[in-house]
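Structure first, commentary second.
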Ligand code: AP5
């Protein structure tokens, strides 16, 4: 049965430590690409349980920062939260500073699943440099693809755990007890950037800044395109097959 991988060091940063790192037959270092709401977080959670690699979501880090008292938020972080509320991308410099503060997570011997980062070509180029300095390389970039109208249905029913960040859907992936997380019992909430006006801005930011990344990684021979139709477990199997054949 799948287990939820500890993400303390990634979410909290600073001196936070994760629990025991699971033994994995091989370490996978992957990027998950795709439009907002396509199901990257859901797949990252399932893949993390299967592969042992840690799910590193830049969006989760920014959302966790919202619960910090205002005096502990830097001006850059305050500005980042405002960009997020509107559905716009956070500036590259802020995102990269936050990722570099968590370099230990990229060094994790069990590997990593980058969910929501990189999101611009500048971020992708910076990631390539960071990994090069660490003598690490990506194994693949998973690009999840789904028609827009299905994505909107996924976003409107999404609920997220305030504690461990696990993702649910009111119809297609409900928790066992309404409003409570199956993994940690935390309260489920609806993200404020899932309002229709923010969703429109997020989709536009994706088309303009993130969609070109598919070509960037295709040219490097790393891109694996994965249809994101069907149940999460079917998509997981599709992903696993793509990884096996892309090796
Ligand atoms: P982020 O948190 O990364 O959000 P996103 O990319 O918009 O992606 P989502 O989390 O909305 O969707 P997802 O693809 O993970 O789908 P999920 O699995 O939840 O970023 C948020 C914001 O932070 C950005 O807008 C930006 O402001 C900022 N930010 C973050 N990183 C940044 C960066 N690198 N640079 C600049 N700014 C950055 O699934 C969605 C729903 O569908 C769920 O309810 C789920 O249960 C359901 N579902 C999933 N799979 C299926 C399925 N197969 N069938 C039916 N339902 C499904």
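Numbering (the numbering used here), first residue to last: 241 to 487. Idealized CB from N, CA, C, for every residue including glycine.
Expressed to the nearest angstrom, what Euclidean distance is found between the alpha-carbon atoms of residue i and residue j?
i	j	result
residue 426	residue 257	21 Å
residue 340	residue 367	9 Å
residue 321	residue 299	10 Å
residue 314	residue 435	26 Å
residue 331	residue 338	11 Å
residue 287	residue 301	19 Å
residue 464	residue 420	34 Å
residue 446	residue 311	32 Å
residue 469	residue 268	24 Å
residue 476	residue 392	21 Å
residue 260	residue 249	12 Å
residue 242	residue 345	Residue confidence for residue 242 is low, a pLDDT of 46 falling below 50, so the modelled location carries little weight and cannot support an answer.
residue 481	residue 270	15 Å
residue 364	residue 274	14 Å
residue 404	residue 374	29 Å
residue 308	residue 278	29 Å
residue 458	residue 252	33 Å
residue 448	residue 329	11 Å
Less than 8 Å separating the beta-carbons of residue i and residue j?
i	j	result
residue 354	residue 272	yes
residue 462	residue 380	yes
residue 413	residue 472	yes
residue 351	residue 293	yes
residue 280	residue 408	no
residue 316	residue 291	no
residue 453	residue 349	no
residue 356	residue 297	yes
residue 276	residue 442	yes
residue 450	residue 360	yes
residue 347	residue 295	no
residue 289	residue 326	no
residue 378	residue 371	yes
So if DSSP puts residue i in a beta bridge, which residue, or which two residues, is it bridged to?
i	result
residue 408	399
residue 429	400
residue 467	385
residue 294	352
Mind checking which residues open and close the alpha helix (DSSP H) that includes residue i?
i	result
residue 442	436 to 445
residue 452	452 to 459
residue 283	280 to 291
residue 372	361 to 373
residue 345	343 to 346
First and last residue of the beta strand (DSSP E) that includes residue i?
i	result
residue 269	268 to 273
residue 381	380 to 385
residue 352	351 to 355
Three-pair Cβ contact test at 8 Å for the region 419 to 433 versus the region 399 to 408: yes
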